[in-house]
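Comments concern the structure below.
Residue numbers (UniProt numbering): 1 to 156.
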């Protein structure tokens, strides 16, 4: 069943990278096969793939701060001051950023795709982002898989 885990990891990365490719559909299809591998193992593979797939979006956020349009925006006193204060606050209180990333990964508020870009712009730790996303998404995907396998058991 290694192919199932590898496929789930890869589809998780694809789902994170390409908007509109839903990992939930993949997990629904894989749900029937989790008896042999285990819900938590499949959920972790999907979550790790999803978190790693978000890294390019994080990098985009990190690099976008240097783009000419963004530099012009940050040169505006009100915008630049707010941005500097927010970056400073996030660096002094990294736990809040991690908690927000975890919450976004678990329930989708704020939207994870948006928050990952913002995390890059605010220079949050990439490792902390990946760990928070992986933990949050593992719980989310385990709940989805658990619900799917429970529904399958009712039908069988």
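Ideal Cβ positions, reconstructed from N, Cα and C, are used throughout, including at glycine.
Cutoff 7 Å; reference residue i; Cβ partners in own chain excluding five residues on either side
i: residue 41; result: 5
i: residue 149; result: 31, 34, 39
i: residue 115; result: 100, 101, 104
i: residue 98; result: 128, 132
i: residue 144; result: 24, 27
i: residue 53; result: 12, 13, 14, 15, 16, 17
i: residue 139; result: 106
i: residue 135; result: 102
CB-CB length for residue i against residue j, believed under 8 Å
i: residue 130; j: residue 61; result: Their Cβ separation, rounded to whole angstroms, is 14 Å, which puts residue 130 and residue 61 out of contact at 8 Å.
i: residue 80; j: residue 74; result: 5 Å
Residue from the options whose Cα sits closest to the Cα of residue i
i: residue 141; options: 23, 7, 37; result: 23
i: residue 43; options: 57, 54, 26; result: 26
i: residue 28; options: 12, 19, 17, 18; result: 12
i: residue 83; options: 119, 111, 144, 9; result: 119
i: residue 18; options: 79, 133, 113; result: 113
i: residue 92; options: 45, 122, 7, 108; result: 122
Close-in-space but distant-in-sequence residues of the same chain around residue i (CB under 6 Å, 5 per side omitted)
i: residue 137; result: 47, 50, 105
i: residue 21; result: 14, 15
i: residue 45; result: 5, 8, 9
Sequence-distant residues of its chain with Cβ nearer than 8 Å to residue i (five each side left out)
i: residue 146; result: 39
i: residue 70; result: 64
i: residue 90; result: 96, 97, 122, 123, 124
i: residue 157; result: Residue 157 cannot be examined here, being either before or after the span of the chain that is shown, 1 to 156.
i: residue 152; result: 31, 32
i: residue 10; result: 49
Check whether residue i and residue j have beta carbons under 8 Å apart
i: residue 158; j: residue 58; result: Outside the shown range of the chain (1 to 156) lies residue 158, about which nothing can therefore be said.
i: residue 1; j: residue 37; result: yes
i: residue 128; j: residue 77; result: no
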